[in-house]
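Order-wise, the sequence lines are chains A and B. The first sequence begins at 1 in my numbering and counts up one residue at a time. The second sequence begins at 1001 in my numbering and counts up one residue at a time. Ideal placement from N, C-alpha and C gives every residue a C-beta, glycine not left out. Step one of this worksheet: look at the structure below.
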Amino acid sequence: MSAVQEVVTDAPAVEAVPKRALTLGIGTSLTVLAALILAPLFVKNFIIFQMTMLLVYGLAVLALNILTGGSGQFSLGQSAFYAVGAYTSAILMEHAGMNYALTLPVAGLICFIFGFLFGQPALRLSGVYLALATFALATAMPQLLKLGYVEHWTGGVQGLVVTKPDAPFGLPISQDMWLYYFTLAITIAIYVFSVNLLRSRSGRAFMAIRDNEIAASAMGVDVALYKTLAFGVSAGITGVAGGLGAIAVQFVAPDGYTITLAIQLFVGMVVGGVGWLPGSIVGSAFIIFVPNIAEGISKGLSGAVFGVILFLVIFLVPHGARQVALVAQHLLGKLKKS
Amino acid sequence: MELFTNQVLAGIATGAIYACMALALVMIYQAIDHLNFAQGEMAMFSTFVSWQLMQWGVPYWGAFLLTLALSFAGGIVIERLLFKPLAKAPILTNVAGFIALFAIINSVAGLIWDFTIKQYPTPFGSSPFLGSQLISTHQAGMIGVTMLLLIALYVFFRFTRMGLAMRAAASVPESARLVGINTSWMIALGWGMAAAIGSIAGMLIAPVVFLEPNMMGGVLIYGFAAAVLGGLTSPFGAVIGGFLVGIFENLAGTYIPGVGNELKLPIALALIVTVLVVKPAGLFGRPIVKRV
């Protein structure tokens, strides 16, 4: 049991994604955007709610994607950051009477700090160890929220009820629809921010660390700073998603933020394609709709169906939705030529 | 002082559970270099198999041995079918695979045996051990079996050709292949052994925590904590880590105010994070040196 590992021959923790492959072309982006804007006009309120959750989880998956696809660090603990964001929003709205829109930056900021601090011990860890530490964080979070000391604020096991905001300026649309467009605007803003972040100097530093930490530090990248920064940014975005989720669901309770949520987000990232930001929305659709489909196929076996589908994705399209998109693009190109 | 001794004894008794689980985790970590998140579910499934065998009238030890063999075979089959194709894939893909396996096993067990809690027999009886109220004969038996297992593993890895081959395959796969070791089968063997050890852990734990598909949730986290504390590279460390975690858990519950049942998992978290930050290799593990 010698303890020397060959770095060069090791399978990488995360496969390298070329920078250009991180986003969609302009045409495709605009089409998707138009679809997202127009779709709620034609569907029922419940479906609008589901679409809101699709965007919320999409944001959370995107955050994980920046962390894992960008800087190559694992996290099975995103549910903890999501919970902190959700509780921050809920507490500020219900106890301090703050406007719902203003609670989101606060949630993001608090989660950024929390993530940045958690990133400090996480610096020492990589691969499986990091997965483990974050896994423990996610399992501990619900119990921390139920603690007697903070019960006055968090409402303990009961949780908190959050009032749903009305559309402002007397706009003649339903609450659900207003919330959807509100979420959509924030999602687009964060998406644009993330794309630009990954294209910036910091983004290149993240990717250099992901591909080869030693080479990155030799090139003058401050590895410790950028690794914790990636954790902070990811946690901050997850926190905003958590706050939005709390407003949409109108309820926060410790048992809504268990390890299951963290695992779902992780699965969403794998399905969407690690490091491919637009895939986040595909991954989010997977975690929202596939359990329903699985239940439709067999009620008792929904977990098994979910697992089998996940295995199929891993084996057939290991790069997730990105691979599907590339194949589709290739086929389209062929069609145009002939 | 008597309270202290009693709590330590009780801690050792619960620690035996974690030690079993940690041992299984470390075994598979040795063989494949990944932590298997589905390990607890595999152990749970094996335990259900043994329960089913007993329901069909097989005597306890017959069911025990049969389950051991079945789990060993099952572990190998899972590796050959699902994880061998992923051997070259990034760690991330493997973790996703473990999660999928977790979901499948949990759901299938729930479907076959449903989610009601079942009694599970113990071969050691549950009368007080040597007149002590804190340790029952079952818990003493559990500690004994864990120790036997540890010694057997030590002998296997230290003195048999197969054990040497497995160690070689795990640490330097290229060189091992050059001297004619079938490294791919060694990994499968590691999975089989981990599944078998897990099934022993499951069958020993079941009388204490009762049998149901989610019985391994908390135990697995503590098993992780124990494995990390003892060092992921050391089976001996895993067992010691298990006992230490058990003792620590009991003492913290007794002496630190405000730490009740509800704080048990955060304690495990704090322990994992502290160990990983202060001494990532664990108490008995070797630090991993990377060659650039």
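Point to revise | Among B:A1010, B:I1181, B:I1112 and B:F1102, the one whose alpha carbon lies nearest that of F306 of chain A | key: As a first step, residue 306 of chain A is located in the first sequence; it is residue number 306 there, counting from the start. Nearest option by C-alpha distance: B:F1102.
Practice item. Starting from the Cα of R1018 of chain B, find the closest Cα among B:P1266, B:S1199, B:V1239 and B:I1256 and give me that residue. Key: To locate residue 1018 of chain B, count along the second sequence from 1; it is residue 18. Position check: residue 1018 of chain B holds Tyr in this sequence, whereas Arg was assumed. That would be B:V1239, whose Cα lies nearest to the Cα of Y1018 of chain B.
**Study point:** Proximity of L1229 of chain B and G1218 of chain B at Cβ, strictly below 7 Å
**Key:** Counting from 1 along the second sequence, the entry for residue 1229 of chain B is found at position 229. Counting from 1 along the second sequence, the entry for residue 1218 of chain B is found at position 218. No, they are not a contact pair.
Check your understanding: For K1118 of chain B, does the three-state DSSP call read helix, strand or coil?
Key -> Counting from one through the second sequence, the residue named residue 1118 of chain B turns up at place 118. Looking at K1118 of chain B - three-state DSSP - the assignment turns out to be strand.
Check your understanding: Is DSSP giving S1136 of chain B helix, strand or coil here?
Key -> Taking the first residue of the second sequence as 1, we reach residue 1136 of chain B at position 136. It is a strand residue.
Check your understanding: Does the stretch 1004 to 1013 of chain B touch the stretch 1165 to 1175 of chain B, meaning 3 or more C-beta pairs lie closer than 8 Å?
Key -> With the cut-off at 8 Å, the stretch 1165 to 1175 of chain B and the stretch 1004 to 1013 of chain B do not touch.
Exercise for review: Tell me, please, whether the CB atom of S2 of chain A is closer than 7 Å to any CB atom in chain B?
Suggested key: For the purposes of this step, residue 2 of chain A is taken as residue 2 along the first sequence, with counting starting at 1. Per-residue confidence for S2 of chain A stands at a pLDDT of 39, beneath the threshold of 50, marking its modelled position as unreliable; the derived number appears in the next sentence. S2 of chain A counts as touching chain B.
Review point. Run through DSSP, which three-state label would L1283 of chain B get?
Key: Here residue 1283 of chain B corresponds to residue number 283 of the second sequence, with the count starting at 1. The answer is coil: DSSP assigns L1283 of chain B none of H, G, I, E or B.
Practice item. Flag A1043 of chain B as yes when its Cβ comes closer than 6 Å to any non-hydrogen atom of the ligand PLP, and as no otherwise. Key: You won't find the ligand PLP in this model; it holds no ligand whatsoever.
Exercise for review: Check the Cβ-Cβ distances between L265 of chain A and every residue of chain B, and say whether any is below 7 Å.
Suggested key: Taking the first residue of the first sequence as 1, we reach residue 265 of chain A at position 265. Chain B contact via Cβ: absent.
Practice item. Starting from T1047 of chain B, find everything on chain A with Cβ-Cβ shorter than 9 Å and list it in chain order. Key: Translated into positions along the second sequence, residue 1047 of chain B becomes position 47. Within chain A, no residue comes near T1047 of chain B; the closest Cβ sits about 18 Å away, beyond 9 Å.
Check your understanding: In chain order, what residues of the same chain lie with their CB nearer than 6 Å to the CB of S29 of chain A, ignoring the 5 residues before and after it?
Key -> Residue mapping note: residue 29 of chain A aligns to position 29 of the first sequence, counting from 1. None.
Practice item. Identify each residue in the stretch 1106 to 1128 of chain B for which the Cβ-Cβ distance to at least one residue of chain A is less than 8 Å, and report them in chain order. Key: N1106, S1107, V1108, G1110 and L1111
Review point. Along chain B, in chain order, which residues have C-beta atoms closer than 7 Å to that of F315 of chain A?
Key: One-based indexing of the first sequence puts residue 315 of chain A at position 315. Against F315 of chain A, the close residues of chain B are P1085, in the order they occur along the chain (beta-carbon pairs closer than 7 Å).
**Study point:** Under 7 Å by beta carbon: chain B residues contacting A133 of chain A
**Key:** For the purposes of this step, residue 133 of chain A is taken as residue 133 along the first sequence, with counting starting at 1. Within chain B, the residues near A133 of chain A are I1272, V1273 and L1276.
Exercise for review: Quick one: residues in its chain with C-beta nearer than 6 Å to the C-beta of G1223 of chain B, no 5 flanking neighbours on either side, listed in chain order?
Suggested key: Within the second sequence, the letter at position 223 stands for residue 1223 of chain B. So the list reads Y1018, M1021, A1022 and L1025, once near-sequence residues are dropped.
Check your understanding: Among A:G27, A:I37 and A:M53, which one has its Cα closest to the Cα of Q250 of chain A?
Key -> To locate residue 250 of chain A, count along the first sequence from 1; it is residue 250. Nearest to Q250 of chain A by C-alpha distance, out of A:G27, A:I37 and A:M53, is A:M53.
Check your understanding: Helix or strand or just coil, what does DSSP make of V1077 of chain B?
Key -> Along the second sequence, read from residue 1 onward, the residue named residue 1077 of chain B stands at position 77. Residue state, collapsed to three classes: helix.
Exercise for review: Output the distance between the C-alpha atoms of G1110 of chain B and L137 of chain A, rounded to the nearest integer angstrom.
Suggested key: In the second sequence, residue 1110 of chain B corresponds to position 110, counting from 1. In the first sequence, residue 137 of chain A corresponds to position 137, counting from 1. Approximately 27 Å between the Cα atoms of the pair.
Practice item. Find the residues of chain B that neighbour P318 of chain A, judging by a C-beta separation of less than 8 Å, and give them in chain order. Key: Residue 318 of chain A sits at position 318 when you count from the first residue of the first sequence. Those are A1089 and T1093, listed as they occur along chain B.
Exercise for review: Provide the residue span of the alpha helix (DSSP H) that contains Y82 of chain A, from first to last.
Suggested key: What you label residue 82 of chain A is simply residue 82 of the first sequence in a count that begins at 1. It spans Q78 to H95 - the alpha helix (DSSP H) in which Y82 of chain A sits, taken as one unbroken run.
Point to revise | chain A contact for P1207 of chain B (CB, 7 Å cutoff) | key: For the purposes of this step, residue 1207 of chain B is taken as the residue at position 207 of the second sequence. False, the Cβ-Cβ gap to chain A never drops below 7 Å.
Point to revise | Start-to-end residues for the alpha helix (DSSP H) that takes in G1237 of chain B | key: In the second sequence, residue 1237 of chain B corresponds to position 237, counting from 1. Where G1237 of chain B is concerned, the enclosing alpha helix (DSSP H) stretches over P1235 to Y1255.
Exercise for review: With DSSP as the reference, label V161 of chain A as helix, strand or coil.
Suggested key: Counting from one through the first sequence, the residue named residue 161 of chain A turns up at place 161. V161 of chain A falls in the strand class under three-state DSSP.
Practice item. Between the Cα of F286 of chain A and those of A:I48, A:Y57, A:L41 and A:L38, spot the shortest distance and give me the residue it belongs to. Key: The residue labelled residue 286 of chain A in the question sits at position 286 within the first sequence. Minimum Cα distance to F286 of chain A is reached at A:Y57.
Review point. Where do the ends of the alpha helix (DSSP H) carrying R124 of chain A lie?
Key: Taking the first sequence and counting its residues from 1, one reaches residue 124 of chain A at position 124. R124 of chain A -> no alpha helix (DSSP H), and no H or E assigned at all.
Review point. CB-CB under 7 Å to T187 of chain A, same chain, minus the five flanking residues each way: which ones, in chain order?
Key: Taking the first residue of the first sequence as 1, we reach residue 187 of chain A at position 187. Once the five neighbours on either side are set aside, the close Cβ partners of T187 of chain A are L55, G58 and L59.
**Study point:** C-beta neighbour in chain B for V270 of chain A, strict 7 Å
**Key:** By one-based count along the first sequence, residue 270 of chain A stands at place 270. It does: the Cβ of V270 of chain A has a partner Cβ on chain B nearer than 7 Å.
Exercise for review: Only counting runs of 4 or more residues, tell me where the alpha helix (DSSP H) segments fall wholly within the stretch 241 to 295 of chain A, in order along the chain.
Suggested key: 259 to 272
**Study point:** Proximal residues, the stretch 290 to 315 of chain A versus chain B, C-beta separation under 7 Å
**Key:** G300, L301, S302, G303, A304, F306, G307, V308, L310, F311, I314 and F315
Review point. Just checking, does the stretch 258 to 277 of chain A make contact with the stretch 61 to 68 of chain A on the three C-beta pairs under 8 Å criterion?
Key: yes
Review point. Beta-carbon separation of T1047 of chain B and M1142 of chain B under 7 Å?
Key: What you label residue 1047 of chain B is simply residue 47 of the second sequence in a count that begins at 1. What you label residue 1142 of chain B is simply residue 142 of the second sequence in a count that begins at 1. Their beta carbons are not under 7 Å apart, which means T1047 of chain B does not touch M1142 of chain B by this criterion.
**Study point:** L1232 of chain B: first and last residue of the uninterrupted alpha helix (DSSP H) it sits in
**Key:** Locating residue 1232 of chain B in the second sequence gives position 232, where the first residue counts as 1. L1232 of chain B -> no alpha helix (DSSP H), and no H or E assigned at all.
Exercise for review: State the DSSP-derived secondary structure class of L1035 of chain B, mapped to helix, strand or coil.
Suggested key: By 1-based counting over the second sequence, the position of residue 1035 of chain B is 35. In the structure shown, L1035 of chain B sits in coil (DSSP, three-state: anything other than H, G, I, E or B).
Practice item. Keeping to the same chain, check which residues put their C-beta closer than 8 Å to that of T1093 of chain B; ignore five residues upstream and five downstream. Key: Within the second sequence, numbered from 1, the residue matching residue 1093 of chain B stands at position 93. For T1093 of chain B, where only same-chain residues beyond five positions count, the Cβ hits under 8 Å are L1086.
Check your understanding: Shorter than 7 Å from the beta carbon of Q143 of chain A to some beta carbon of chain B?
Key -> Within the first sequence, numbered from 1, the residue matching residue 143 of chain A stands at position 143. Chain B contact via Cβ: present.
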